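Novice: I have a structure I would like to understand better, so I am pasting it below and will then ask my questions one at a time.
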Amino acid sequence: MRLVQVNVHPLKSGAIRPLVAADVLRGGLRDDRTWMLVDGTGRLVSARELHATFHVVADTPATDPSVESALRLRAPGMDDLSVALPDGEPVPVQLFSLDLKAVPAAGTAQEWVGRAFRRDDLTLVWCHDPGARNLQSGFSAPDDHTAFADAFPVTVVSLASVRRLHDWMVERALETGEEPPEPLAVERFRANLVVDGEEPFAEDHWREVRIGSVRFTVAKPVSRCVMTTIDPVSLTTGKEPVRTMARHRLVEGKTKFALHLLPLDEGRVSVGDEVSAT
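Quick note on the working numbering: the sequence shown kicks off at 8 and runs consecutively.
See below:
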């Protein structure tokens, strides 16, 4: 089994930034989901409600060495924006049910995001202290932490499982007389790490994973939501793959696909690394 993709998302719900290699820290891949958009109440604004975030390309020096600022934002019809590391006072923000603190970007950042999304209530914020966030008890250790990821520092998905899910989608379409779907893009799952092997859903039995020299422990399966129904290119939505996952991957009322991981080591992972699991 091999690592075939490494993905970082500097802006939560922003465009996926594929890399050849990435540093793994205890809080996740370097610069992954360290920035996010919030509304006027401090609540997360993600692609669930604002699909256009998928088309905003956010880069840091870790994802593009040509970037000379803390963050560079690009969006269709907009000039590039260079964002300095904020040094203001942290403000309350809400990530789902979690009450966190973050630092608003300074300069013209707020004007830029307002014009990019045609909303004047948006604020770009940075996670200044990932270590302050406590993760779900019972599935993590007291010193485990992450920035603005949904639940845990790293996610991994199997291409073999994606292919099997696509096969199920085709079978369902034929049963119902629908047009067979296009191949299911692994990007729908927005995983940090994509592995490929022969056996679909072998990951259901993993407890610990080693990628290259870096070890991870499995926290829990990922519960999937409507985010996977958004086409990252056209931004249109449909019933799949959630409909088919609900048929084949329903566990305790939730659709499960891919895994949340907690890094046990710090190091570097690269496309082509050998992957082993126990």
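Quick reminder that beta carbons are idealized off the backbone N, C-alpha and C, glycines included. Quick caveat: nothing in here was measured; it's all calculated off a predicted structure.
Looking only at C-alpha atoms, which of P207, L107, H267 sits nearest to F223?
Specialist: Ranking the options by Cα distance to F223, first place goes to H267.
Novice: Measuring only from the beta carbon, is K108 closer than 7 Å to any heavy atom that is part of the ligand NAD?
Specialist: In terms of ligand content, the structure shown is empty, and the ligand NAD therefore cannot be addressed.
Novice: Strictly by DSSP, which residues pair up with V45?
Specialist: DSSP lists L51, T130 as partners of V45.
Novice: Express the C-alpha separation of L78 and D46 in angstroms, rounding to a whole number.
Specialist: Their Cα atoms are separated by approximately 20 Å.
Novice: Curious, which full-length alpha helix (DSSP H) runs of at least 4 residues does the stretch 110 to 194 contain?
Specialist: The stretch 110 to 194 contains these whole alpha helix (DSSP H) runs: 116 to 124, 166 to 183.
Novice: Provide the residue(s) that pair with P28 in DSSP beta bridges, ordered along the chain.
Specialist: The sequence as given places Ala at residue 28; Pro does not occur at that position. Answer is S277.
Novice: Pull up the DSSP beta-bridge partners for L36, would you.
Specialist: Per DSSP, V31.
Novice: What's the call for P93, buried or exposed, on a 16-neighbour Cβ count within 10 Å?
Specialist: When all chains shown are included, P93 counts as buried.
Novice: Can you check DSSP and say which residues form a bridge with S230?
Specialist: Partner(s): K263.
Novice: Can you grab the Cα-Cα spacing for the pair R179 / T251, in whole Å?
Specialist: Computed Cα separation, rounded: 8 Å.
Novice: Using beta-carbon positions only, say whether P239 and F61 come within less than 8 Å of one another.
Specialist: Against a cut-off of 8 Å, the Cβ pair of F61 and P239 comes out as a contact.
Novice: Can you name the start and end residues of the beta strand (DSSP E) that A284 belongs to?
Specialist: Segment 282 to 284, the beta strand (DSSP E) holding A284.
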